[in-house]
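**Q** Below: one structure in structure tokens.
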Amino acid sequence: MLKFDFSFMFEPNVKDGINEEDIARLQPVLSQIVEETAREKPSFVKILFDRNLMESLEDLREWILNFDSLVVIGIGGSSLGTAALASALKPFDWNYLSKAERGGYLRIFFLENVDPDYTASVLDRIDLRTTVFNVVSKSGSTAECLAHYQIIRGLLEIKGLKPSEHIVFTTDPKKGLLRKIAERDKIVALDIPPELGGRFSVLSAVGLFPAMAIGIDVKALVDGAKDAYMKCVVLDVWKNPSAMMTACYYLHKLKGRRITVMMPYSNRLYTLADWFRQLWAESLGKKYSLTGEIVYEGLTPIKALGVVDQHSQLQLYNEGPDDKTITFIEVEKFDREVLIPSIHQDEEIAYLNDKKLSELLKNELLGTERSLAFNGRPSMRIIFPSINAYELGQFFMYYEFTTTLMGKLLKIDPFDQPGVELGKQITYSLMGRKGFEEMKFPEPTKKVVIE
Ligand code: PA5
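Structure follows, in structure tokens:
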């Protein structure tokens with residue numbers, strides 16, 4: 049199981065940290081919202097017990113393994129979790145391995161951003177005849193996703209390949225354009241439950257179908273999330289990592305620390321910080337409270353990579369504004385190890401001789417943690433015993449649950465995203481979509497441009 053070390057969130061380990069009395073004061077409201085959340089059973093919990101989902105994945109297992117490559121077409125909540133899974137659980141060179149070296153599983157590519165240089169280079173790398181495209185959009189109307197869908201469908205048709213044999217949709221069970229096309233053109237379509245928000249959907253068909261295609265243990269992912277859930281619903285904050293994370297982030301926010309830095313000391317887990325960034329930003333950044341007052345709530349997530357960002361960000365974290373908490377992600381046991389040989393005996397280098405790289409990495413983390421504490425900057429540590437599907441599943445659940453609790457403490461709705469929708473609608477209008485011509489939005493009345 050994941051472990052959590054909150055020591056450096058607390059006084060006296062860190063000056064102006066939180067203390068036992070702060071937690072005691074928050075305990076009644078925390079127990080209440082934990083209980084409430086458990087009773088409501090959010091859809092990201094319900095999905096873990098969805099037998100139909102597991103059956104529909106199994107139905108596709110054999111067919112999908114006929115292909116060589118999978119291209120996931122989606123953006124935001126429709127791709128970030130899958131990207132985090134792929135980079136955490138597959139080696140960096142996965143796409144360069146032969147199919148036999150990949151154990152028969154598929155290479156994976158993502159078409160998220162509509163950057164023509166990027167899209168074209170992905171299309172250069174795949175052979176349409178041996179590629180399956182997973183088009184993921186809950187709404188079925190997101191411009192980036194629909195643009196890429198049309199591009200690949202056009203290419204399939206030019207090559208005389210049947211779209212229904214190369215495309216799988218993942219979308220709302222009833223509504224939206226993709227569902228309509230699926231029914232009309234007999235394209236396989238997996239369901240995203242209507243009440244499940246994109247950023248909470250990694251353990252639905254959104255993340256599990258691609259995970260299965262690249263050989264990730266889907267059951268272990270779900271089991272990890274279920275086991276973490278059992279801890280998330282414990283009422284005593286001292287025994288519930290999710291309630292304690294909520295308390296720490298919330299209490300430090302009251303002290304003006306509104307920035308949440310997530311800093312994995314692992315390249316494989318760096319993309320997990322992208323997933324977290326969306327979850328935290330989109331769920332908690334809200335203009336209105338549940339009762340309609342303007343509150344401009346939110347905590348700003350930042351991602352950093354240990355140790356690389358020690359040489360880029362740490363100066364700011366240590367000596368800049370005291371407006372952050374740092375969440376380190378530590379890996380206890382890496383899959384591989386590299387030994388530093390003893391070549392020179394000069395004292396500037398000899399201390400590294402015969403040490404493992406993992407030991408250097410671990411001590412860099414501890415050094416950073418302590419330097420922050422020295423400057424009165426709070427941090428916590430999430431410890432992965434090793435990087436595997438079970439631990440990843442837990443991580444997703446702990447943060448989805450924590451985000452829900454934070455939403456309740458901040459009295460905002462963590463499950464909507466009107467700010468994102470507004471951006472989408474203005475894009476429709478600018479791109480000339482019918483029905484959006486009359487949309488009003490600000491244009492600069494005075495241009496300030498330097499060429
Ligand atoms: O979390 C969210 O709801 C959003 O980030 C969506 O996932 C994103 O905008 C993509 O939407 P859709 O899945 O409808 O294409």
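Residue numbering for the sequence shown follows the working numbering, beginning at 49 and increasing consecutively.
Using N, Cα and C, we set each Cβ at its ideal position, and we do this for glycine too.
Rank V183, N161, F489 and V282 by C-alpha distance to the C-alpha of E192 and give the top, closest one.
**A** Against the sequence shown, residue 192 aligns to sequence position 144. Residue N161 is the option with its Cα nearest to E192.
**Q** Residues in its own chain within less than 7 Å of S189 by CB, not counting five upstream and five downstream?
**A** If you number the sequence shown from 1, residue 189 lands on position 141. Within the same chain, G224 and L225 come within 7 Å of S189 by CB-CB distance, once the 5 residues on both sides are set aside.
**Q** Below 6 Å CB to CB, which residues in the same chain sit around R247 once its five sequence neighbours on both sides are set aside?
**A** Walking along the sequence shown from the start, residue 247 turns up at place 199. The answer, listed in chain order, is G125, Q326, L327 and E330.
**Q** Give me the residue from I430, S406, V120 and V93 with the minimum Cα distance to R155.
**A** Position 107 of the sequence shown, counted from the start, is the residue given in the question as residue 155. Nearest option by C-alpha distance: V120.
**Q** On the CB-based measure, 16 or more other CB atoms within 10 Å of its CB, does H196 come out buried or exposed?
**A** The residue given as residue 196 occupies position 148 in the sequence shown. Counting Cβ neighbours within 10 Å, H196 comes out buried, since at least 16 surround it.
**Q** Could you name the residues of the same chain whose beta carbon sits closer than 7 Å to that of K51, not counting the 5 residues immediately before and after it, in chain order?
**A** Here the question's residue 51 lines up with position 3 in the sequence shown. Once the five neighbours on either side are set aside, the close Cβ partners of K51 are I431.
**Q** Going by the C-beta, is E330 closer than 8 Å to any heavy atom of the ligand PA5?
**A** Within the sequence shown, residue 330 is the residue found at index 282, counting from 1. E330: yes, Cβ under 8 Å from the ligand PA5.
**Q** Does the distance between the C-beta of T167 and the nearest non-hydrogen atom of the ligand PA5 fall short of 8 Å?
**A** By 1-based counting over the sequence shown, the position of residue 167 is 119. Checking the Cβ of T167 against the ligand PA5 gives no.
**Q** Give me the Cα-Cα distance between I123 and D402, rounded to the nearest whole angstrom.
**A** Within the sequence shown, the letter at position 75 stands for residue 123. Within the sequence shown, the letter at position 354 stands for residue 402. Near 45 Å, if we compare the C-alpha coordinates of D402 and I123.
**Q** Considering only the beta carbon of each residue, do V285 and I71 sit closer than 9 Å?
**A** Your numbering for residue 285 matches position 237 in the sequence shown. Your numbering for residue 71 matches position 23 in the sequence shown. Their beta carbons are under 9 Å apart, which means V285 touches I71 by this criterion.
**Q** Does the contact criterion of 3 or more C-beta pairs under 8 Å hold for the stretch 446 to 466 versus the stretch 288 to 296?
**A** yes
**Q** V184 by DSSP, collapsed to three states: which one?
**A** Looking up residue 184 in the sequence shown gives position 136. Under the three-state reduction of DSSP output, V184 falls in the strand class.
**Q** DSSP on P349, reduced to helix/strand/coil?
**A** As a working note, residue 349 is residue 301 in the sequence shown. The answer is strand: DSSP assigns P349 an E or B state.
**Q** What separation, rounded to the nearest whole angstrom, lies between the Cα atoms of S337 and E412?
**A** Mapped onto the sequence shown, residue 337 falls at position 289. Mapped onto the sequence shown, residue 412 falls at position 364. So the two alpha carbons sit approximately 41 Å from each other.
**Q** What do you reckon, are the CB atoms on Y298 and L420 nearer than 9 Å?
**A** What you label residue 298 is simply residue 250 of the sequence shown in a count that begins at 1. What you label residue 420 is simply residue 372 of the sequence shown in a count that begins at 1. Not a contact, by the Cβ cut-off of 9 Å.
**Q** Ends of the alpha helix (DSSP H) at S477?
**A** In the sequence shown, the residue the question calls residue 477 occupies position 429. It spans P466 to L478 - the alpha helix (DSSP H) in which S477 sits, taken as one unbroken run.
**Q** Output the distance between the C-alpha atoms of P241 and I391, rounded to the nearest integer angstrom.
**A** As a working mapping, residue 241 is identified with position 193 in the sequence shown. As a working mapping, residue 391 is identified with position 343 in the sequence shown. Approximately 58 Å between the Cα atoms of the pair.
**Q** Return the CA-CA distance between K207 and I235, expressed in angstroms with no decimal places.
**A** On the sequence shown, position 159 is the one that residue 207 refers to. On the sequence shown, position 187 is the one that residue 235 refers to. For K207 and I235, the distance between alpha carbons rounds to 18 Å.
**Q** Hey, L209 and L238 are a contact pair by Cβ (cut 8 Å); roughly how many whole angstroms apart?
**A** Position 161 of the sequence shown holds residue 209. Position 190 of the sequence shown holds residue 238. Going by Cβ atoms, the distance from L209 to L238 rounds to 21 Å, so no, they are not a contact pair.
**Q** For L317 versus I377, is the C-beta spacing smaller than 9 Å?
**A** Within the sequence shown, residue 317 is the residue found at index 269, counting from 1. Within the sequence shown, residue 377 is the residue found at index 329, counting from 1. For L317 and I377, yes; Cβs fall inside 9 Å.
**Q** Assuming L332 contacts M454 (C-beta within less than 8 Å), just tell me the rounded distance between them.
**A** Position 284 of the sequence shown holds residue 332. Position 406 of the sequence shown holds residue 454. L332 to M454, Cβ: 6 Å. Contact.
**Q** When every heavy atom of the ligand PA5 is checked, does at least one fall within less than 8 Å of the C-beta of R325?
**A** Looking up residue 325 in the sequence shown gives position 277. Result no, Cβ not under 8 Å from the ligand PA5.
**Q** If A437 and G272 are in contact, beta carbons under 8 Å, what's the gap, nearest whole angstrom?
**A** Translated into positions along the sequence shown, residue 437 becomes position 389. Translated into positions along the sequence shown, residue 272 becomes position 224. The Cβ separation is near 7 Å, so the contact holds.
**Q** Is the beta carbon of V180 within less than 8 Å of some heavy atom of the ligand PA5?
**A** Counting from 1 along the sequence shown, the entry for residue 180 is found at position 132. Result no, Cβ not under 8 Å from the ligand PA5.
**Q** From G152 to L113, what does the alpha carbon distance come to, in whole angstroms?
**A** Taking the first residue of the sequence shown as position 1, residue 152 is located at position 104. Taking the first residue of the sequence shown as position 1, residue 113 is located at position 65. One C-alpha to the other measures close to 7 Å.
**Q** I'd like to confirm the pairing. Which residues does DSSP put opposite V236 in its beta bridges?
**A** Within the sequence shown, residue 236 is the residue found at index 188, counting from 1. Per DSSP, V216.
**Q** Measuring only from the beta carbon, is K228 closer than 8 Å to any heavy atom that is part of the ligand PA5?
**A** Taking the first residue of the sequence shown as position 1, residue 228 is located at position 180. False, no ligand heavy atom lies under 8 Å from that Cβ.
**Q** For the stretch 236 to 283, list the alpha helix (DSSP H) runs that are entirely contained and at least 4 residues long, ordered along the chain.
**A** Restricted to the stretch 236 to 283, the alpha helix (DSSP H) segments that are unbroken, complete and at least 4 residues in length are 253 to 261 and 266 to 280, listed in chain order.
**Q** Return yes when the Cβ of A352 is within less than 9 Å of the Cβ of M310, no when it is not.
**A** Locating residue 310 in the sequence shown gives position 262, where the first residue counts as 1. Locating residue 352 in the sequence shown gives position 304, where the first residue counts as 1. Yes, Cβ-Cβ distance for M310 and A352 is below 9 Å.
**Q** Among M479, S249, G483 and K335, whose alpha-carbon lies nearest the alpha-carbon of K94?
**A** Stepping through the sequence shown from its first residue, residue 94 is reached at position 46. Nearest C-alpha to K94: S249.
**Q** Would you kindly work out how many angstroms separate the C-alpha atoms of F158 and I199, rounded to a whole number?
**A** Taking the sequence shown and counting its residues from 1, one reaches residue 158 at position 110. Taking the sequence shown and counting its residues from 1, one reaches residue 199 at position 151. Here the alpha carbons of I199 and F158 stand approximately 14 Å from one another.
**Q** On the criterion of 16 or more Cβ atoms from any shown chain inside 10 Å, does M445 qualify as buried, or is it exposed?
**A** Translated into positions along the sequence shown, residue 445 becomes position 397. Label assigned to M445: buried.
**Q** Mind listing, in chain order, the continuous alpha helix (DSSP H) runs of no fewer than 4 residues lying wholly within the stretch 144 to 185?
**A** If we require 4 residues or more, the alpha helix (DSSP H) runs fully inside the stretch 144 to 185 come out as 164 to 173.
**Q** What do you reckon, are the CB atoms on T319 and Q358 nearer than 9 Å?
**A** The residue given as residue 319 occupies position 271 in the sequence shown. The residue given as residue 358 occupies position 310 in the sequence shown. No, the Cβ-Cβ distance between T319 and Q358 is not below 9 Å.
**Q** With DSSP as the reference, please indicate the residues paired to R429 in a beta bridge.
**A** For the purposes of this step, residue 429 is taken as the residue at position 381 of the sequence shown. According to DSSP, R429 bridges with D53 and F376.
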